[in-house]
Every structure is written in structure tokens, then in C-alpha cells.
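Chains as they are written, first to last, in this note's numbering: chain A, 281 to 510; chain B, -9 to 454.
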Ligand SMILES: [Zn+2]
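Below you can see the structure in the form of C-alpha cells.
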């Protein structure tokens, strides 16, 4: 989705592929453009302001809905961040009386709440099949996201608010469909997760990727964890 | 209204200010905050003493510089100002400026109030001041964690100038910012300013660009020229809404690296060449906003040009100081649009540069440092000899530069600003000439840097 410059995440993927000789091509899919099924290894949905997100939601469900469902079924990695996460869910509320249908690829609903926006540095513990690891990031959302009974979260909140500030859960994951509020440059703050994304998109194990000199990445990860209070 | 009578309230508030200074707090807002507690209507009462009323200036970027330029223009005309020149731009700071100029027995030293106002405080400040003129210069994405979304601020501004306390005011708007220019749609008493020079247009919209949709109908704007961020010449292909024709504008713009700029200023009263001792197109915009306000208040183009030629940078906005005999040029960066202009200006300087990049995440900087990924540090790729990264989030700054194409072995992480400054200065090449160290601090980092330089006697303490 081309609704917001979640540029750090995309830059991280591009450079880490480039350094390893892995081809990387970014195709932006604008409003009204159909998705070509089977043509993508990774579908990334960024965040946006409410006004943009409404326009995007209509397009995503209407024009791209079927192709997105098909991609999810084929196991294509779909990563939604912030607003993109909300759009992957069944519905989200824009205002008190305005509920927008989402893609329904995750069994989550986002509601409004009279409470303040949930803002701040955040750290969560996740297990993507390699044992527990930590993701650091920044969250800034007015909506509260509630998981359906059988929906797994992405992780457990160590520091910060998470989905709704109360459940202790952050994000949601169903197979290769992942949503999270950890926004902006999630991947630069967590190089290990960037590599997990690259490997999963290529349908290989992260251990099969050529190792890189990640000293600055390691320090940036530590810095983000410290900011979250870990 | 409740509270003590005004004169005793003023005396108590001033005493509180004196006490705060004794304790070492330099905070210029303290007396104003105390005064507002004692007399919630103080701002209205004191500003009503101003015979020419008030003018306010708001924007996300450049309001301190713009207000300083406007003050210079108006003072050259002989207008006596009450001005919040220390950049204390919320209600408390403005109340402090008024308090300082006011007499216990009534009366005030000054005829016109000129106030820079924080973008989120515009509505409440206008409610109290009832300004005669409102300058709105730009809305860039800045500190989303503090203020919510850009559109929210645009909505509040719209309410203020259409049906709220600014409904009767003369508006001075940036024609090139669609979010701002839209505030003048179908409204009386609007003067617009803008750039009329496609020679400074960019190849396209940068990633940091913010407002790209028509506020009237929601369609995406088409930009025929982009000058800076989302500022440019645009039209809506759906409803025909377009950039208004500015009556104060800049042509024949010359951008001279990090040192200066020049342009031909045209106002309804004529034209004059402006030699601006400040760099970059962003400062041309600041000068245009100040010139437009001056023009509304009766200044002619020659007068404006003379005042602008004598303007100097607010601290940290392109100021050069000597650190142990080596020039240090400080360029404040606080959000993607502002940073992009600084980077663009720096890239105009020939050769390889030494950089001190200081990234803080304190409240006044915005706790969220994501914005660095939206700024085009790529502009410096291949142009940096050495980078020292400092501040509370130094490692993330370093990582950003690595992904902008700067080799890791040119990047050092030294979180302490003092140590980083010492190291970066010591490492400046001694190959003759004045090799400059460029510091790019965020807001609180700039204040820390200033405190450090003042304490060492390398900068004077009078900067504002
Ligand atoms: Zn339109």
C-alpha cells in the first residue's frame, strides 16, 4: 500500500537483500490498481492518517480483496503495520458510529475508546518458531484492537501498551499474515526480524541467509530496547 | 472573571519569575503561567492595552525565524513591539512577554503585539488575543506523538479562522502549502505569499511530503512543481481547487549553499532585491511570510529588503561558532521536511564534510525517532568524510546513515554530546583552509549544545 512513508522498513529490506545479492523489487500499489496474484513474495501495508486510511480501506477490500485473500491462502507473507494492521482485521471504527470493514485476514476488531491515544516506546516478546525473541518499536494509535477467541497475538507486551493497553497482547499472527502496532522503522530496530521477513518471504530459513556485519544494527536494537525501559 | 485584581496578580507573577531565575531556571514562561493561574483572563486584559492590537505567526517549521524577521521589518518602520522573542510560544510564554511590558497602573510599553504561537495553541491564544492579523506559514508532519495527526491541526486551524476567534482577522497564508492555502478558500481578507520560480523546483515529491489530497473533495492533488516538501504549485484534477495566486512572492531565487540566499521580492507596493544572510529555500519561505506580514502592516519592499538583509539566525538555525579555533556550523533538524532542506543546503557545499549528528528523543524533540527514516540523508551519500553520532538515540542515527549509503567505518557512536563534540572537532582535517564541522542537532540537543558552548565561553549567552 502506498499510503504512508514506512520507508525505513522498506529500505531495510532492500539494502539487506542487495548486500546478499538477492533481487529486490518494490512495486507500489496505488488506489484503484489491482494486485496480480502470485507476483509478490511479500505484501507490506503501512500506516496512514485516518482520512487516507478510509480511502485505502475501500480500495483494499473492494479492488484488492480477492487477490489479498488468495495471497494469504498461498502462504505469501503479509505484514501490516499500524493502520495496515487494522485493515488486515475484520473491522475498525473510525469514529463513534463509523465502522469500516477490513480484509478479515486476521480475526481482530479495532474499536475506539474514550481513553487517550496509546503512545510510546514498546517492547514485545515473540516466538516465530526460533524460540522467544524481543521486538522493539514505537506505538501511536487511538484504536484499541481486540483479538477474536481463536486469534493468536504476535507477541506479549514487555513494555508499552500493545493492542488495547489492557490485554498484555501485541499484534496478531495467523501463519504468514502478521499485524503489529510497532510502527515506522520496525525492521531497522530489529534486524533479526528483517531477516526473518526476508527468509520467510523467500520460503527459506533465516539461518540460510548470508550473515552481514550487524554491529550498528545490534546497537540500534539495544538503543530501542533501552528507550522502552528494558 | 475570577481571581485577584490585575495589579497584585502581576506583582505576584513577576515575583515568581524572579524566584525561578534565582533557582537557576531560565524559563521565560514561568511568570506567565503563574499570572494565568491568578487571572485566567490576563492575556485578554493585557493585550487589550496594545493600541494596534496583535499579530500572530504559526507554522510547524520556521516560526521562530519568521517572527524574528517580521520583528526586524516592523521595528525598522518604527513600530514598538511586544514580542515573545525567546521562542516561548505557548500561552504562558506570551503572557510572560505581555506581563514584562505592562505597568501596574495600566498601560504597556509597545503598540503592537507580535507573537509566535505553537501550532497546537493557536485556537486558545486567538481566543484571548483576538489578533487582527494571523500568519499561517506551513504544516509539516512534526511530533505526531505530541499533537496527533496533521489533519487534526488543520481542522482546528480551520475552525479558528472560519467560525472561531480568528474569523474577522486578516489572514496571511502560504499559497504553496495546500493545507494552509485552503484555509483562505471563500473567505474575505486573505493575502497569500509563495515562490514563483521553477528553477528551484525539485525533481518530484520527496518521501517526507505530507499533504497531497484536496481538502475540498479528497482527490489527490497534481503538483506541477514541487519546491520544498509538499510546498509547490498544485491543482485538484477533480474539483478544480488550485494554488491561489500569491500577491507577495519570490522570483529569481539564488541559493548559495549553507551561507546565504537572494531573491527578488514583489509585494503589492513594488519589487526589491533581497540579500538574505540565511541559507536555503526554507529561509526564503520564512522571509516571504515575514515580508507578507510587513506588507499587510504597511512596509514597502525596500524597507522589507533592508530589514531582511540585517536579519541573523536564531541560535542553532545556521549559526557558526568557533570551537577551539575550528568553525562549527549548527543546523537544527527536527522533522523530515526541515531536515531535507538542511541536507539539500549542505549538499550544495562542495567537498566531503565532517558531520556531528545529534539525535535526542526528549519530549520537545518528539519521543518517536521514526522520522529520521523519512528524511533524505541519502543526499549526503558519498559526501561525508566522517560522522560522529551523539544524543540519547545515537545508535539509531548511525544506523540511518549506514542505510543512506555511508560506509560503517566512517561512522562513530559517541552518545555524550560533550565527548562527541571534542572527538569530532579533534578529527577535523588540518589540511589548511577552514574545514567546518557541521552539527545537525534535534531541538533539545541544540539547547544542550548551546549550554555547553556558553559554559565554555565559546558562544555568548544572549542567543534566542
Ligand atoms: Zn478537489
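Glycine is no exception: its CB is placed at the ideal position from the N, C-alpha and C atoms. Because the structure is a prediction, the values reported are computed rather than measured.
Distance cut-off 8 Å: residue i Cβ against heavy atoms of ligand 1
i: residue 231/B; result: yes
i: residue 171/B; result: no
i: residue 223/B; result: no
i: residue 460/B; result: Examination of residue 460/B is not possible in this model, given that chain B is present from -9 through 454 alone.
i: residue 19/B; result: no
i: residue 228/B; result: yes
i: residue 336/A; result: no
i: residue 204/B; result: yes
Classification of residue i by the beta-carbon crowding that lies within 10 angstroms, buried from 16 upward
i: residue 158/B; result: exposed
i: residue 271/B; result: buried
i: residue 362/A; result: buried
i: residue 484/A; result: exposed
i: residue -2/B; result: exposed
i: residue 310/B; result: exposed
i: residue 255/B; result: buried
i: residue 364/B; result: buried
i: residue 344/B; result: buried
i: residue 354/A; result: exposed
i: residue 152/B; result: exposed
i: residue 445/B; result: exposed
i: residue 440/B; result: buried
i: residue 48/B; result: buried
i: residue 383/B; result: buried
i: residue 41/B; result: exposed
i: residue 4/B; result: buried
i: residue 118/B; result: buried
i: residue 108/B; result: buried
Contacting residues, own chain, Cβ-Cβ under 8 Å from residue i (five flanking each side not counted)
i: residue 114/B; result: 81
i: residue 70/B; result: 99, 100, 101, 102
i: residue 395/B; result: 368, 371, 372
i: residue 135/B; result: Here the model assigns residue 135/B a pLDDT of 48, short of 50, so the residue's position is not dependable, and the following value carries that caveat. Cβ within range, chain order: 356, 357, 358.
i: residue 288/B; result: 67
i: residue 175/B; result: 206, 231
Per DSSP, the bridge partner or partners of residue i
i: residue 297/A; result: BP columns for residue 297/A are empty, so no partner.
i: residue 260/B; result: 257/B
i: residue 465/B; result: Only positions -9 to 454 of chain B appear in this structure, which leaves residue 465/B out of reach.
i: residue 379/B; result: 347/B, 403/B
i: residue 413/A; result: 406/A
i: residue 106/B; result: 47/B
i: residue 312/B; result: 317/B
i: residue 428/B; result: 319/B, 345/B
i: residue 220/B; result: None, per the DSSP bridge assignment.
i: residue 421/A; result: 398/A
i: residue 244/B; result: 252/B
i: residue 446/A; result: According to DSSP, which records beta bridges pairwise, residue 446/A is partnered with nothing at all.
i: residue 181/B; result: 162/B
Cβ-based neighbour list, residue i, same chain, cut-off 7 Å, excluding 5 preceding and 5 following
i: residue 120/B; result: 155
i: residue 0/B; result: 25, 89, 92, 94
i: residue 408/B; result: 442
Spatial neighbours of residue i in its chain, beta-carbon cut-off 6 Å, leaving aside the 5 residues before and after
i: residue 426/B; result: 317, 319
i: residue 354/B; result: 433, 434
i: residue 486/A; result: 475, 476, 479
i: residue 228/B; result: 207, 209
i: residue 424/A; result: 391, 393, 444
i: residue 284/A; result: Confidence in residue 284/A is poor, its pLDDT being 48 and thus under 50, which makes the residue's placement too unreliable to answer from.
Three-pair Cβ contact test at 8 Å for the stretch 183 to 191 of chain B versus the stretch 235 to 242 of chain B
At 8 Å Cβ cutoff, the stretches touch.
Tell me whether the stretch 294 to 314 of chain B and the stretch 258 to 271 of chain B touch, counting them as touching only if at least three CB pairs, one residue from each stretch, are closer than 8 Å.
Contact holds between the stretch 294 to 314 of chain B and the stretch 258 to 271 of chain B, because three or more Cβ pairs, one in each stretch, are under 8 Å apart.
So, do the stretch 25 to 37 of chain B and the stretch 245 to 252 of chain B have three or more beta carbon pairs nearer to each other than 8 Å?
No: the two stretches stay apart, fewer than three of their Cβ pairs being nearer than 8 Å.
Three-pair Cβ contact test at 8 Å for the stretch 471 to 485 of chain A versus the stretch 365 to 377 of chain A
In short, these stretches do not touch, since the Cβ pair count stays below three.
Would you call the stretch 397 to 411 of chain A and the stretch 371 to 381 of chain A touching, i.e. three or more CB-CB distances under 8 Å?
No, the stretch 397 to 411 of chain A is not in contact with the stretch 371 to 381 of chain A.
Three or more beta-carbon pairs under 8 Å between the stretch 431 to 443 of chain A and the stretch 451 to 460 of chain A, yes or no?
As far as the Cβ criterion goes, the stretch 431 to 443 of chain A touches the stretch 451 to 460 of chain A, which means the pair count is three or higher.
Sufficient close CB pairs (3 or more, under 8 Å) joining the stretch 312 to 320 of chain A to the stretch 292 to 301 of chain A:
Fewer than three Cβ pairs drawn from the stretch 312 to 320 of chain A and the stretch 292 to 301 of chain A lie within less than 8 Å of each other, which leaves the two stretches out of contact.
Is the stretch 496 to 503 of chain A in contact with the stretch 384 to 392 of chain B, if contact means three or more CB pairs nearer than 8 Å?
Put simply, the stretch 496 to 503 of chain A touches the stretch 384 to 392 of chain B. At least three CB pairs are less than 8 Å apart.
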